[in-house]
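Below: the structure, in structure tokens.
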Amino acid sequence: MTVLQLPLVDFGHFTHGTPEQRERAAKQLVDSFLKHGFVRLKNHGVSREFVEEIWEWDRRFFSMSEEQKMKILHPPGPDPQRGWSRKGLETTSKIRKENAANAPKDKGELLDEKEHFDCGPPGDAEFPNKFPNEDLPGFQEFIERYFRLAQDVSLNIMRACEVGFGMPENALVERCEPAASELRLLYYPPVSVERLATGTIKRAWPHSDFGIITLLFQDGLGGLECEDRSNPFTFAPVTPTSGEVEMVVNTSDTFERWTNGVVKPGIHQVNVPPALRNLQEGYIPERYSSVFFFKAHRGVSVGPIDHFVTEKHPAIYPDITALEFHRERTHILY
Numbered sequence: 001m002t003v004l005q006l007p008l009v010d011f012g013h014f015t016h017g018t019p020e021q022r023e024r025a026a027k028q029l030v031d032s033f034l035k036h037g038f039v040r041l042k043n044h045g046v047s048r049e050f051v052e053e054i055w056e057w058d059r060r061f062f063s064m065s066e067e068q069k070m071k072i073l074h075p076p077g078p079d080p081q082r083g084w085s086r087k088g089l090e091t092t093s094k095i096r097k098e099n100a101a102n103a104p105k106d107k108g109e110l111l112d113e114k115e116h117f118d119c120g121p122p123g124d125a126e127f128p129n130k131f132p133n134e135d136l137p138g139f140q141e142f143i144e145r146y147f148r149l150a151q152d153v154s155l156n157i158m159r160a161c162e163v164g165f166g167m168p169e170n171a172l173v174e175r176c177e178p179a180a181s182e183l184r185l186l187y188y189p190p191v192s193v194e195r196l197a198t199g200t201i202k203r204a205w206p207h208s209d210f211g212i213i214t215l216l217f218q219d220g221l222g223g224l225e226c227e228d229r230s231n232p233f234t235f236a237p238v239t240p241t242s243g244e245v246e247m248v249v250n251t252s253d254t255f256e257r258w259t260n261g262v263v264k265p266g267i268h269q270v271n272v273p274p275a276l277r278n279l280q281e282g283y284i285p286e287r288y289s290s291v292f293f294f295k296a297h298r299g300v301s302v303g304p305i306d307h308f309v310t311e312k313h314p315a316i317y318p319d320i321t322a323l324e325f326h327r328e329r330t331h332i333l334y
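Using the UniProt record's numbering, you'd call the opening residue of the sequence shown number 1 and step up by one each time.
So, in structure tokens, the structure goes:
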């Protein structure tokens, strides 16, 4: 099994440190994005108590009956995801052609073994959110609080990237407001070892995300793996090491476009946790995680930013809006 230790950055040094500490933390962040497409953060602004609340609401939502969740079912299509997506609706295997190339032949579609709840910015008028207010009182209030907190953390990460790349202040931040990000709670049900062994089922196939960056918390079971860029198409577990509340952050497709290919997206998958890798029979336990897809404002261009375009390195991506790009990519999933 590949072993890869992702850098752990004390983000409190950027948000509350001296000018020297801010500069150092920003450089560490950007260096890790450039090298791995991933970084682990501590002192990021989300408390241990808040993360425990995430897991509590995550469990409560997915403990609802299918009938209750069906009331807020997300319809397939290219629009931003809202409400509940049942198991098998989203298929991450379609994002990368390598998934199909490496899969067993003639064994059917490559499916994801997960379900999820998605929402956009509080009060989104263009793509309204769906909440189970009748069946789960208090859920909407918590989710909207979580969204605002994650958006603030993401904007601070953008500020650090501006410093790390030597960009003008607000060069990235101004492209992210008003908010168009998406918050997701995930549930991976127990799955048999035998079913996974068919090679056509994964909790999530190797893929990149569509936004700028993704913030992620995973429960104690684990299973998240990132691609080892020194050995492409091999994956290493992402595990906490500090004893603190660690946030995993990966780069996504929009960031690659904005930086004209300089920052590559962090390819990742959800696999069997390392401690259970040798099981020959039985079930892999259920898993919970939560991700925040930090995205550009819908009307903003996701073509390369001038800072990353030169005579030697002309723009390599077309000038389309964030919403056009989002729809183009989401259409692949369904």
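All residues carry an ideal CB built from backbone N, CA and C; glycine is no exception.
Check                                                                                                         : Outcome
GLU324 - DSSP class collapsed to helix/strand/coil                                                            : helix
CA nearest to the CA of GLY243, picked from GLY220, PRO273, GLN68                                             : GLY220
Cβ pair ASP135, GLN81 closer than 7 Å                                                                         : no
Whole-number beta carbon distance between GLU113 and LYS87, since they are thought to touch under 8 Å         : 7 Å
The region 43-55 contacting the region 146-158, beta-carbon criterion three pairs below 8 Å                   : yes
Contact under 7 Å by Cβ, TYR288 with ASP10                                                                    : no
3-residue-minimum beta strand (DSSP E) runs that sit fully inside the region 172-200, ordered along the chain : 182-188
Sufficient close CB pairs (3 or more, under 8 Å) joining the region 248-267 to the region 294-303             : yes
Length of the line joining the Cα atoms of SER230 and ALA125                                                  : 44 Å
Alpha-carbon spacing of PHE62 relative to HIS116, whole angstroms                                             : 8 Å
Residue of SER208, MET247, GLY138, VAL153 minimising C-alpha distance to PHE233                               : SER208
Stretch pair the region 161-172 + the region 181-199: three plus CB contacts closer than 8 Å                  : no
For ARG40, the three-state DSSP class (helix, strand or coil)                                                 : strand
Cβ neighbour criterion (16 or more within 10 Å) applied to ASP118                                             : buried
Among ILE54, PRO76, GLY77, LEU6, nearest to GLY138 - alpha-carbon criterion                                   : ILE54
Test item: CB-CB of ILE213 and PHE308 under 7 Å                                                               : no
According to DSSP, residues forming a beta bridge with PRO237                                                 : GLU225
Straight-line gap, GLY266 to GLN218 (C-alpha atoms, nearest Å)                                                : 17 Å
Beta-carbon gap between PRO121 and ALA179 smaller than 7 Å                                                    : yes
Limits of the unbroken beta strand (DSSP E) element including GLY83                                           : 83-85
LYS312 versus LYS35 - alpha carbon distance                                                                   : 22 Å
Reduced DSSP category for PHE117 - H, G, I as helix; E, B as strand; rest coil                                : strand
Close Cβ partners of GLN5 (< 8 Å) along its chain, the five nearest in sequence each way excluded             : THR241
Extent of the continuous beta strand (DSSP E) run through SER289                                              : 287-294
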